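Read through the structure below, which is laid out as C-alpha cells, and then see the notes.
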Amino acid sequence: MSLRPYFAFFKAYFLVYLAYRVQVILWFFTNALEIAFAMLLWTAIYASSSVDVLYGFTLSDMLLYQLLMTLSYSLTDMNPIDTLYDDFNDGKIAMSLIKPVNYEIQTFFQNLGANAFRNMVLLLPMIGIILVSGLLNSSNVSLSLASLGLFVLSIVMGLLINYFVKFVFSNLVFYTEASFGLWQLQAIVISLLAGGIVPLHFFPDVIANVLRLLPFAYIQYVPVMALMGRISGSELTSALLIQSIWVGVLALLAHLVWKHSIKHMKVNGG
Amino acid sequence: MKRFFKIYMTFTSQYIKRLVHYRLDFAIGVLSFVFVQFSGILLITLVFQQIPDLNGYTFEQMVFFYGFFQLPRGLDHLITDNIWLIPNKIRKGDLDRHLLRPIDPCFKSLRNVSNMKP
C-alpha cells in the first residue's frame, strides 16, 4: 500500500493552519506565558526550600525540565478527538468511509500536518530559549549526536503512543455522541500521568513505579529524562524497548477498537 | 434588561437540556473537572512535602488561595462560557446566521444553543 495519497491530507491540514497565522503567534505567547509562570513558581519554591536539591533536581534542572517538557509537549501533541468528533458530528465520516482511503491513516496524517506546522513555527524559538538560558550548562547536560538521536527516536515513538492512546480514547465519541467531557478527561489524565504537571519522580515510589510502566510516561517523560542524562545505559535500552512495545500494542489496540466502533457507529444527520 | 434576563434563562434551560441529553459525556466532564482540581492540589501537596512554607505562606493558605482563584473561573464557566467558540463560528460561516437574529450574537453565544426547539 502506498502512503502517497495521504500526504494530500497532511498538506491540507498544514495549509489550514498556515491560513490562520495570527493564531500561531498567539500560541507562542501562550506557551511563553505558561513557561514563565512555571519558572517563577519553581524559583519561588526553591528559594523557600532549606536544601538546594528537591527529589534529585536542582533549580536549573527543574527549569530545564519544564522547558524540555513544553518542547516535547509541542512535538508530541496530536488531537484525533477533534478530528473524529468534527467528522462524526457533521456526518462527514460517512462520506470518508466510502472513499478508497483508509480512515485511520487519513486521520493520522491530518493530525501530523497540524503538528508539523505548529512545530515549524514553535520549534526554533523554543530551542533558542533553551540554548540562550544557559540551563544546559548549569545542569550539566552534555549533548552529543547520539543523545540527540536517541531523543528524536524516543520523541517519535512518544508521538505515536500519544496518538494511539488518544485515538482509542476518541472512539468513545461514537458512544457519548459529544466530545466536551472526553476532551477534558483525556487532557487532564494524560498530562497528569505523563509528568506534565508534576515530574513523575515527585510521586511516592510505589505510584511512580506503576506510572513508569504505563504508556503515558513514555510520551514525554522518558524522552526528556533521556536527554537530561537521567536515564542512561542499560536502563535507557530497556526504556526504549518498553516504549517500542507500547507503540506496537497501542497501534493494534487502536485498530481493533476502530474496527469495533465503526460497526456500531450511528450518525444522526449529516 | 428584563428581556435579556428572560432570554438568558430560556437559553440556559435549553443548554442544560442539551447537556442532559449527552448524559454520559456530561458525567465524564464533571469527573474530569474533579481530576483537574485534584491535580492542582496534588502539585501543592507534593511541593509542600519538601518545603515548610512558600515565601511565608503555609500549605493551608496556599490551598485557600488555590480554591479562591478557582471561584472566578467557576463563575465564568457557569455564566459566560462558550464565548471562546465564536472564532469557530466565523471560520465555518456560522456567524452570519446569528447576525441575522434580533439578538446580539455575542450575547447569544454565552449559551451555545444553535437549534431552539422549545
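Chains A and B are the protein sequences, given in the same order. The working numbering puts the first residue of the first sequence at 1, with every later residue one more than the last. The working numbering puts the first residue of the second sequence at 1001, with every later residue one more than the last. Quick reminder that beta carbons are idealized off the backbone N, C-alpha and C, glycines included. None of these values were measured; they are calculated from a predicted model.
| task | List the residues of chain B that T176 of chain A touches, going by C-beta distances under 8 Å, in chain order. | result | Translated into positions along the first sequence, residue 176 of chain A becomes position 176. Y1022, L1024, D1025 and I1028, listed in chain order.
| request: Assign V152 of chain A to buried or exposed, taking buried as 16 or more other Cβ atoms, counted over all protein chains shown, within 10 Å of its Cβ. | output: Mapped onto the first sequence, residue 152 of chain A falls at position 152. Counting Cβ neighbours within 10 Å, V152 of chain A comes out exposed, since fewer than 16 surround it.
| task | Answer yes or no: does any C-beta atom of chain B fall closer than 8 Å to that of W27 of chain A? | result | Here residue 27 of chain A corresponds to residue number 27 of the first sequence, with the count starting at 1. Closer than 8 Å: no.
| What are the residues that DSSP puts in a beta bridge with L1054 of chain B? | What you label residue 1054 of chain B is simply residue 54 of the second sequence in a count that begins at 1. For L1054 of chain B, which the question treats as bridged, DSSP gives the partners B:Y1057.
| task | Using alpha carbons as the reference points, say which of A:I219, A:T176, A:I161 and A:V189 lies closest to S261 of chain A. | result | Translated into the one-based positions of the first sequence, residue 261 of chain A becomes position 261. Of the candidates A:I219, A:T176, A:I161 and A:V189, the one whose C-alpha sits nearest the C-alpha of S261 of chain A is A:T176.
| query | Rounded to the nearest angstrom, how far is the Cβ of I242 of chain A from that of V173 of chain A, given a contact under 8 Å? | reply | The sequence position of residue 242 of chain A within the first sequence is 242, counting from 1. The sequence position of residue 173 of chain A within the first sequence is 173, counting from 1. Actually they do not touch by this definition, with Cβ atoms about 29 Å apart.
| field | Assigned exposure category for Y20 of chain A - 16 Cβ within 10 Å defines buried | value | As a working mapping, residue 20 of chain A is identified with position 20 in the first sequence. Under this definition Y20 of chain A is an exposed residue.
| message | For L54 of chain A, list the residues DSSP reports as bridge partners. | response | Taking the first residue of the first sequence as 1, we reach residue 54 of chain A at position 54. As a beta-bridge residue in DSSP terms, L54 of chain A pairs with A:F57.
| query | If contact means a Cβ-Cβ distance below 7 Å, which residues of the region 1034-1062 of chain B contact chain A? | reply | If you check each beta-carbon in the region 1034-1062 of chain B against every beta-carbon of chain A, the ones closer than 7 Å belong to F1035, V1036, S1039, L1042, L1043, L1046, V1047, Q1050, I1051, D1053, L1054 and N1055.
| message | Less than 8 Å between CB atoms is the rule here; does S1032 of chain B satisfy it with respect to chain A? | response | Residue 1032 of chain B sits at position 32 when you count from the first residue of the second sequence. Among the CB atoms of chain A, one or more fall inside 8 Å of the CB of S1032 of chain B.
| request: Evaluate the contact criterion for the region 38-47 of chain A versus the region 138-147 of chain A: three or more CB pairs, one atom per stretch, below 8 Å. | output: Contact fails: fewer than three Cβ-Cβ distances are below 8 Å.
| Cα-Cα, which of B:H1077, B:Q1050, B:F1064 and B:M1062 is closest to V1030 of chain B? | In the second sequence, counting from the first residue as 1, residue 1030 of chain B sits at position 30. Checking every option, the nearest Cα to that of V1030 of chain B belongs to B:H1077.
| Who are the neighbours of I93 of chain A on chain B, taking C-beta pairs under 9 Å? | Sequence index remark: in the first sequence, residue 93 of chain A carries index 93 (1-based). Within 9 Å Cβ-Cβ: nothing; I93 of chain A doesn't reach chain B, min ~17 Å.
| task | Go through the region 65-119 of chain A residue by residue and report every complete run of the alpha helix (DSSP H) that reaches 4 residues or more, in order. | result | Listed in chain order, the alpha helix (DSSP H) elements of length 4 or more contained wholly in the region 65-119 of chain A are 80-89 and 92-98.
| Within 8 Å, strictly: CB atoms of F28 of chain A and G113 of chain A | Walking along the first sequence from the start, residue 28 of chain A turns up at place 28. Walking along the first sequence from the start, residue 113 of chain A turns up at place 113. Inclusion of F28 of chain A and G113 of chain A in the CB contact set at 8 Å is not warranted, their separation being larger than that value.
| query | Is the Cβ of Q276 of chain A closer than 8 Å to any Cβ of chain B? | reply | Since the displayed chain A opens at 1 and closes at 270, residue 276 of chain A lies outside it and no answer follows.
| Start-to-end residues for the alpha helix (DSSP H) that takes in D1096 of chain B | Taking the second sequence and counting its residues from 1, the one referred to as residue 1096 of chain B is at position 96. Note, D1096 of chain B: alpha helix (DSSP H), L1095 to L1099.
| said: With distance defined between alpha-carbon atoms, name the residue in A:Q220, A:K263, A:L253 and A:R212 nearest to S238 of chain A. | reply: As a first step, residue 238 of chain A must be located in the first sequence, where it is residue number 238. Residue A:R212 is the option with its Cα nearest to S238 of chain A.
| request: Work out the CA separation of I1086 of chain B and D1096 of chain B for me, nearest whole Å. | output: Locating residue 1096 of chain B in the second sequence gives position 96, where the first residue counts as 1. Locating residue 1086 of chain B in the second sequence gives position 86, where the first residue counts as 1. The C-alpha of I1086 of chain B is placed about 11 Å away from the C-alpha of D1096 of chain B.
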